[in-house]
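Written below as C-alpha cells is the structure these notes are about.
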Amino acid sequence: MLVKACVIPLLYLDFEIRRDYIIANLCENRNRPQLNCNGKCYLAKKIAEAKKQEEKQAESDFLAKLLAVSTDMPPLTSTYNNTNEFNFTFLKPVKFSFQNQFVSFNHIQDIFHPPLA
Numbered sequence: 690m691l692v693k694a695c696v697i698p699l700l701y702l703d704f705e706i707r708r709d710y711i712i713a714n715l716c717e718n719r720n721r722p723q724l725n726c727n728g729k730c731y732l733a734k735k736i737a738e739a740k741k742q743e744e745k746q747a748e749s750d751f752l753a754k755l756l757a758v759s760t761d762m763p764p765l766t767s768t769y770n771n772t773n774e775f776n777f778t779f780l781k782p783v784k785f786s787f788q789n790q791f792v793s794f795n796h797i798q799d800i801f802h803p804p805l806a
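For the sequence shown, this note's numbering gives the first residue as 690, with consecutive numbering after it.
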C-alpha cells in the first residue's frame, strides 16, 4: 500500500534528476525546441501509465476480494502421494456462538440501585 503512494512522487523525482537526459533523448518534442516542452510530455506519459497501472491493480484487488467473499465453498486442501495421485479434502467450517449465560445485558441495574442497609 505504501509503495502505491510513492510511485508518482518517485516519477517526479526521477524526472528532476534525469531532466537533461530526458530532454535530449526521451522527449517526444526534442526536435521542436520552440514548443518549450522540456521533457514534460515524457513525464505526463509516465504519470498516465502509473495511474492506469494503479487502477488496474485496484480493480483486480477488488475483484479478488469480491470473489473471496462471494464464494461459500470451504477451503480445498490437497495431499500428494508418491503414486502420483492427489487426494482433495474440503475443510468444513466450525460454527461458534456465544452462550447467553456468558453475556450479561443488564449492567445498568447492577451499578445503579438504591443503597443497601
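Idealized CB from N, CA, C, for every residue including glycine.
With contacts defined by Cβ atoms closer than 8 angstroms, A739 and L700 form a contacting pair.
Excluding sequence positions up to five before and after F704, its CB lies within less than 6 angstroms of the CB of L732, all in the same chain and listed in chain order.
Taking the CA atoms as reference points, K741 sits about 23 angstroms from N718.
I697 places its beta carbon less than 8 angstroms from that of I736. In chain order, G728 and Y731 place their CB closer than 8 angstroms to the CB of L715, counting only its own chain and leaving out the 5 sequence neighbours on each side.
Secondary structure of C695 (DSSP, three-state): helix. Secondary structure at C716: coil, using DSSP grouped into helix, strand and coil. I800 and L755 have their C-alpha atoms some 45 angstroms from each other.
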